[in-house]
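Student: Structure in structure tokens, see below.
Protein chains in written order, with our numbering: chain L, 7 to 313; chain W, 1341 to 1601.
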């Protein structure tokens, strides 16, 4: 049994496996199937300042080795989260990452202040949601905007801050660098890849918003490349995600530079995926005589530790 | 509408599988937990194979002594793959999920259309136990008329309708019993079927103040209320006049009065 404890942004995680925002609710549904305290942490459903009803149905569509989603940030708002949900999550022995979105700079700042006071361990700023008309990806694709919003939020909160990056850019590492220059403590990537599907019966787009977000195993190579390039450029602490289904996938992300790995889409296929990733990662380390998972982080890089 | 037991990921062996008609398959699986925990109107989320990232939600048709029975139509690659399974194969089933029908006292009508007929069979067994109960089922054509004999033993009157008039009443199930329904013969209506039928039914039950429970469907992700994908609109006092609930966790059975169809 290798050491699986990792430190991300000053927060100690009992293992590097967390769940991705929007795929795990607020954890309670999966807690019915297994004690989610076995996880390093969870990232809660994307929160906004005010309650949002999200997009009309359909919101999900299966593709080859993945899914398209267009949920549009349905959530009860940060005040409800702070008052009714966070107190329950605090009772559990796992770390809570709160994903926060907004449509204006002041929305982001105000929402983050409320989440900051609720006692979450880390705030993940979502500047890359492809499924909302205002804010979201429009912020995350411009380095100057990312710099500015990171700076504003960072000044307003005391919780460690990571910025969730969109893969729908030419140079994701440059966006990551802008976030770090703005004062981010870490980065989280990738959000979904912009995609689309046409309904064969109507011959019209499946989704009302036309485009939707692609996730699952089909995006994994894009995600591994994004983590590698971003780590190389920024050396930032990274939460890596994108189609992780097993321990070997987690190994790839950590070698590319991720400190934490996040399980998203594959929760739908097999609710026990995060536990299998923990077991698989541990087995890999044991089989390869690696005593500490931390040695894995960034080891794929020329500058990486020889293990 | 009442959540009774929790869900599990169950491994269930197929003990019976038949091609009921056309592309519709009738499957019985064995699993102790599913047998114990499943209720009428609930559904299960089935992993159809390695090549599919999403499970397929399928309604429970009957709760048997040793497991559950479900009937599904081949609608795409996932259900096609499921239809190729055989007796002896095991299935990875997440369930039972959602809130089923709340069986009420008094005279009831069970109304089903198309593949919406099959989620109603366990309900018919329960609803007819101590209370008078009529069943009206609609199919596209005579070749697709199924479970007639089984339903017949679980109700006082069984009405069969076909869209093309090739068997029974010429029209849909609702039209077959519309007059009786409007005359106030039933205290409760339970329904599952095509949206136009549910819409027409809701108009009648709303107008006549008849308690009506409908089973809904929508494209689904996790099946347990975490991903918020299978949204439907329900009435709300707030600014927008509606809110989104989710078929998997808040349904699939809803009070027709609250749903915006």
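Each residue gets a CB set at the ideal place from its N, CA and C atoms; glycine is no exception.
For a cutoff of 9 Å on Cβ pairs, would you count residue 42/L as touching chain W?
Tutor: By one-based count along the first chain, residue 42/L stands at place 36. No, no contact with chain W.
Student: Compute the distance between the beta-carbons of residue 228/L and residue 204/L, then report whether it is under 9 Å.
Tutor: Counting from 1 along the first chain, the entry for residue 228/L is found at position 222. Counting from 1 along the first chain, the entry for residue 204/L is found at position 198. Taking 9 Å as the Cβ cut-off, residue 228/L and residue 204/L do not qualify as a contacting pair.
Student: Answer yes if the region 1513-1532 of chain W comes into contact with the region 1545-1562 of chain W, meaning at least three C-beta pairs across the two stretches below 8 Å, and no otherwise.
Tutor: yes
Student: If we ignore side chains and look at the alpha-carbon of each, how far apart do residue 27/L and residue 1592/W end up?
Tutor: Position 21 of the first chain, counted from the first residue, corresponds to residue 27/L. Position 252 of the second chain, counted from the first residue, corresponds to residue 1592/W. Their backbone Cα atoms lie some 25 Å apart in a straight line.
Student: Any chance the region 75-93 of chain L sits against the region 230-241 of chain L, with 3 or more Cβ pairs inside 8 Å?
Tutor: no
Student: By a C-beta neighbour count over all protein chains shown, 10 Å radius and 16 as the cutoff for buried, is residue 1351/W buried or exposed?
Tutor: By one-based count along the second chain, residue 1351/W stands at place 11. Burial call: exposed.
Student: Could you tell me if residue 308/L is buried or exposed, where buried requires 16 or more neighbouring beta carbons within 10 angstroms of its beta carbon?
Tutor: The residue given as residue 308/L occupies position 302 in the first chain. By the 10 Å Cβ count, residue 308/L comes out exposed.
Student: Please state the DSSP three-state secondary structure of residue 118/L.
Tutor: If you number the first chain from 1, residue 118/L lands on position 112. Residue 118/L falls in the helix class under three-state DSSP.
Student: For the structure I just gave you, are there three or more beta carbon pairs, one from the region 172-191 of chain L and one from the region 205-212 of chain L, closer than 8 Å?
Tutor: With fewer than three CB-CB distances shorter than 8 Å, the region 172-191 of chain L does not count as touching the region 205-212 of chain L.
Student: With a threshold of 6 Å on Cβ separation, who are the neighbours of residue 1344/W within its own chain once the five nearest residues in sequence on each side are excluded?
Tutor: Counting from one through the second chain, the residue named residue 1344/W turns up at place 4. Residue placement at residue 1344/W is flagged as unreliable, the pLDDT there being 47, under the threshold of 50; a coordinate-derived value is accordingly withheld.
Student: At 7 Å on the CB atoms, spell out the chain L contacts of residue 1413/W, in chain order.
Tutor: By 1-based counting over the second chain, the position of residue 1413/W is 73. None at all; the shortest Cβ gap to chain L is about 16 Å.
Student: Establish whether the CB of residue 1344/W and some CB of chain L are separated by less than 9 Å.
Tutor: Position 4 of the second chain, counted from the start, is the residue given in the question as residue 1344/W. Per-residue confidence for residue 1344/W stands at a pLDDT of 47, beneath the threshold of 50, marking its modelled position as unreliable; the derived number appears in the next sentence. Chain L contact via Cβ: absent.
Student: Hey, how far is the Cα of residue 313/L from the Cα of residue 35/L?
Tutor: For the purposes of this step, residue 313/L is taken as residue 307 along the first chain, with counting starting at 1. For the purposes of this step, residue 35/L is taken as residue 29 along the first chain, with counting starting at 1. Each residue's Cα considered, the two are about 39 Å apart.
Student: If you measure from the beta carbon of residue 1349/W to each beta carbon in chain L, is any gap under 9 Å?
Tutor: Reading the second chain from its first residue, position 9 is the one you call residue 1349/W. For residue 1349/W, the answer is yes, since a Cβ of chain L falls inside 9 Å of its Cβ.
Student: Are residue 253/L and residue 288/L close, meaning C-beta to C-beta below 9 Å?
Tutor: Within the first chain, numbered from 1, the residue matching residue 253/L stands at position 247. Within the first chain, numbered from 1, the residue matching residue 288/L stands at position 282. Yes, the pair counts as a contact, with Cβ atoms nearer than the cut-off.
Student: Are there 16 or more other CB atoms within 10 angstroms of the CB of residue 294/L, so buried, or fewer, so exposed?
Tutor: Here residue 294/L corresponds to residue number 288 of the first chain, with the count starting at 1. Residue 294/L is exposed by the Cβ-count criterion.
Student: State the beta-bridge partners of residue 1571/W as determined by DSSP.
Tutor: Locating residue 1571/W in the second chain gives position 231, counting from the first residue. The partner list for residue 1571/W (beta bridge, DSSP) reads 1586/W.
Student: May I have the straight-line CA-CA distance separating residue 198/L from residue 1563/W, to the nearest angstrom?
Tutor: One-based indexing of the first chain puts residue 198/L at position 192. One-based indexing of the second chain puts residue 1563/W at position 223. If you take the alpha carbons of residue 198/L and residue 1563/W, they lie about 21 Å apart.
Student: With 9 Å as the threshold, decide whether the Cβ of residue 1423/W is near any Cβ in chain L.
Tutor: Start at 1 with the first residue of the second chain, and residue 1423/W comes out as number 83. It does not; no Cβ of chain L falls within 9 Å.
Student: Report the three-state DSSP secondary structure of residue 1510/W (helix, strand or coil).
Tutor: Along the second chain, one-based indexing puts residue 1510/W at 170. Of the three classes helix, strand and coil, the one that applies to residue 1510/W here is strand, per DSSP.
Student: Count the other CB atoms within 10 Å of the CB of residue 1547/W; is the residue buried (16 or more) or exposed (fewer)?
Tutor: Counting from one through the second chain, the residue named residue 1547/W turns up at place 207. Exposed, by the Cβ-count rule.
Student: Kindly indicate if chain L contains any beta-carbon less than 9 Å away from that of residue 1549/W.
Tutor: Stepping through the second chain from its first residue, residue 1549/W is reached at position 209. No, no contact with chain L.
Student: Could you work out which residue in 39/L, 29/L, 9/L, 59/L is closest to residue 1575/W when comparing CA atoms only?
Tutor: The residue labelled residue 1575/W in the question sits at position 235 within the second chain. Among 39/L, 29/L, 9/L, 59/L, the Cα nearest to that of residue 1575/W belongs to 59/L.
Student: Would you list, in chain order, the members of the region 85-101 of chain L that have their beta-carbon closer than 7 Å to a beta-carbon of chain W?
Tutor: none
Student: Would you verify that the beta carbon of residue 8/L is, or is not, closer than 9 Å to some beta carbon of chain W?
Tutor: Numbered from its first residue, the first chain carries residue 8/L at position 2. No, because no Cβ of chain W sits closer than 9 Å to the Cβ of residue 8/L.
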